[in-house]
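Here the protein sequences come in this chain order: A and B. Quick note on numbering: the first sequence equals residues 0 to 217 in numbering that gives the first Met the number 0. Quick note on numbering: the second sequence equals residues 0 to 217 in numbering that gives the first Met the number 0. Yeah, the Cβ is synthetic: ideal placement off N, Cα and C, and Gly gets one too.
2 protein chains.
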Amino acid sequence: MSVATVKYYLREGLLAPGTPVTARQSEYGEEHLRRLRLIRALLTVGGMTVQQARDVLAVADDPAFGRHERLGIAQYMLGPRITPPEESDPRRELWDEVFAELRELLTELDWRVYDEAPPLAALTRAVVTLRSLGYEGGIDHIRRYALAMHPIAAEEYAVLDRYPVLEEAIEATVAYTTLYEPILLALRRLAHEDVSARLHGTARSQPPPTPGEPLSSS
Amino acid sequence: MSVATVKYYLREGLLAPGTPVTARQSEYGEEHLRRLRLIRALLTVGGMTVQQARDVLAVADDPAFGRHERLGIAQYMLGPRITPPEESDPRRELWDEVFAELRELLTELDWRVYDEAPPLAALTRAVVTLRSLGYEGGIDHIRRYALAMHPIAAEEYAVLDRYPVLEEAIEATVAYTTLYEPILLALRRLAHEDVSARLHGTARSQPPPTPGEPLSSS
DNA sequence: CCTCCAAGGATAGTTCAGCTATCCATCAGC
DNA sequence: GCTGATGGATAGCTGAACTATCCTTGGAGG
Chain A
0 MSVATVKYYL
10 REGLLAPGTP
20 VTARQSEYGE
30 EHLRRLRLIR
40 ALLTVGGMTV
50 QQARDVLAVA
60 DDPAFGRHER
70 LGIAQYMLGP
80 RITPPEESDP
90 RRELWDEVFA
100 ELRELLTELD
110 WRVYDEAPPL
120 AALTRAVVTL
130 RSLGYEGGID
140 HIRRYALAMH
150 PIAAEEYAVL
160 DRYPVLEEAI
170 EATVAYTTLY
180 EPILLALRRL
190 AHEDVSARLH
200 GTARSQPPPT
210 PGEPLSSS
Chain B
0 MSVATVKYYL
10 REGLLAPGTP
20 VTARQSEYGE
30 EHLRRLRLIR
40 ALLTVGGMTV
50 QQARDVLAVA
60 DDPAFGRHER
70 LGIAQYMLGP
80 RITPPEESDP
90 RRELWDEVFA
100 ELRELLTELD
110 WRVYDEAPPL
120 AALTRAVVTL
130 RSLGYEGGID
140 HIRRYALAMH
150 PIAAEEYAVL
160 DRYPVLEEAI
170 EATVAYTTLY
180 EPILLALRRL
190 AHEDVSARLH
200 GTARSQPPPT
210 PGEPLSSS
């Protein structure tokens, strides 16, 4: 990573400035290196924008919040920020309908989440999109997913709760929340591959064509 | 969506040109609209790049492959394309170590996947990153995730197998694979929120601060 | 004490993706 | 024949994430 990039992160507020020893020299410690590694991880593996990373890390660093607030807020900042369509938008009706169904599901599952939770908006949008395309976006599917995810989330939370030092817990929250996402998605796809191979053993008996380049025909 | 954008998608090969009725007029049908909706969904909800969307849709349209190949290849094209570090790269050692562990896990689970499967590279990178940051990237965690995902993947595959018309099945594969990802991730975060609220009921008793704007202090 | 140059800071430039706007030629319809 | 919407090509725009340059400063070697 180049010096210019580090300067850029400093400018953008992702990285705290070192304590200036003199006017022309600042001191950077081990925590700066860790932070830099975390930033790179968020941007590359986590696929976050610099904006998002800044906001998340700002909360993580903000002593104005207590432990659980900081963990919770960090969570809130992590995902994409979806806003519902305008009142006037014709798609709003479908949105409201889906949102109501999802709320009902959450009530049924007895999940204690806020109506304003960003992931709920993201969930609503995804389901709305699926249905708009004419695909199965039924609540039964969602319920199955939800039931599969809950124990995993509980497990993860237990891991996070074991960090005694708040700063480390925050950073761990950010890291786990973000970096386990690609893991989850990759495993889903590997599972697809296995299911596919299992159902029709002959398919893809040879290594599949290399992706990345446009395919031969077409 | 503006006409200019549609032209752009045509140029980029995401959308098949209509059959030219005359030199100054082409005919677009219902399938073009569906394709456009799918493209928008892949780009916005799915978070894909135009490049990726093009490649995936190219396979979906390519009659040179059979049903299962096309489903499989589409899967392969969908995810991010990760390449392992160079042989010379010092991080390569860790990469190989993690990769070997993951292979072993997959063998233990009896999942039939290729060593070259892109999701496997993505998985490896995520685990490598976690460990590089000093976090828990143990195989036991991964196994738990894998066991949770497999039945879900099987269920999804069953849904896809019910599409009789190949073209529809392909498009459905792309749609489901991509659009269920944000659903999965959103549910994981909602589950986190529930677990957190459950463990310390007082935390976040008031609606959390609005994300999107820089917070007050900090 | 003077010079030198590495580090800090500011500013402008670069690259790429994803659009967006303009221009021009064409030809169905009046 | 004239018009004007449409297709096609080309160039421009915007934002994100860097990257390169320049200028300033002040401690260290001489």
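- Message: Give me the chain B residues within the contact set of S1 (chain A), using Cβ-Cβ distance strictly less than 8 Å, ordered along the chain.
- Response: None at all; the shortest Cβ gap to chain B is about 17 Å.
- Tell me, please, whether the stretch 107-119 of chain B touches the stretch 180-199 of chain A by the rule of three or more beta-carbon pairs shorter than 8 Å. The stretch 107-119 of chain B is in contact with the stretch 180-199 of chain A.
- Below 8 Å between beta carbons is the criterion; list the residues of the stretch 148-161 of chain B that meet it against any residue of chain A, in chain order. Listed in sequence order: M148, H149, P150, I151, A152, A153, E154, E155, Y156, V158, D160.
- Message: My assumption, with CB atoms under 8 Å, is that G136 (chain A) sits in contact with V126 (chain A). Please give the rounded CB distance.
- Response: The pair is a contact, with the Cβ atoms about 4 Å apart (cut-off 8 Å).
- Message: Quick check: the Cα distance between E92 (chain B) and D114 (chain B), rounded to an integer number of angstroms?
- Response: So the alpha carbons of these two residues sit roughly 17 Å apart.
- Query: Do you know offhand how far T4 (chain A)'s Cα is from L104 (chain B)'s?
  - Reply: Within the model, the alpha-carbon separation for T4 (chain A) versus L104 (chain B) is close to 38 Å.
- Item | chain B contacts made by the stretch 173-186 of chain A, where a contact means CB separation under 8 Å | Those would be A174, Y175, T176, L178, Y179, E180, P181, I182, L183, L184, A185, L186, in chain order.
- With distances taken from CA atoms, which of A:H149, A:W94, A:L146 is nearest L122 (chain A)? Of the candidates A:H149, A:W94, A:L146, the one whose C-alpha sits nearest the C-alpha of L122 (chain A) is A:W94.
- Task: Give the DSSP-derived three-state secondary structure of A15 (chain A) in the structure shown.
- Result: The DSSP-derived three-state label of A15 (chain A) is coil.
- Task: Determine the closest residue to I169 (chain A) out of A:Q74, A:R39, A:P118, with distance taken between C-alpha atoms.
- Result: The candidate whose alpha carbon is nearest that of I169 (chain A) is A:Q74.
- Message: At 4 residues or longer, what runs of the alpha helix (DSSP H) sit wholly inside the stretch 82-162 of chain B?
- Response: Taking only runs of at least 4 residues, the alpha helix (DSSP H) segments lying wholly in the stretch 82-162 of chain B are 91-108, 117-131, 138-160.
- Inter-residue Cα distance where the pair is R187 (chain B) and L165 (chain A): One C-alpha to the other measures close to 23 Å.
- Would you mind telling me which residues of chain A sit closer than 8 Å to H191 (chain B), beta carbon to beta carbon, in chain order? Close to H191 (chain B), with beta-carbon spacing below 8 Å, are these residues of chain A in chain order: Q74, A152, E155, Y156, T176.
- Message: Contact defined as beta carbons within less than 8 Å: I believe M76 (chain B) pairs with D54 (chain B). What is the distance between those atoms, to the nearest angstrom?
- Response: Approximately 5 Å separates the beta-carbon atoms of M76 (chain B) and D54 (chain B); this is inside 8 Å, confirming the contact.
- Report, in whole angstroms, the separation of the C-beta atoms of A147 (chain A) and I151 (chain B), which I expect to be a contact under 8 Å. Contact flag correct, Cβ pair sits at about 6 Å.
- For the stretch 96-123 of chain B, enumerate the residues whose C-beta is nearer than 9 Å to any C-beta of chain A, in chain order. Contact residues of the stretch 96-123 of chain B toward chain A are L105, L108, D109, W110, R111, V112, Y113, D114, E115, A116, P117, P118, L119, A120, A121, L122, T123 (C-beta to C-beta distance below 9 Å).
- Query: From H149 (chain A) to E29 (chain A), what distance separates their C-alpha atoms?
  - Reply: The alpha-carbon separation between H149 (chain A) and E29 (chain A) amounts to approximately 36 Å.
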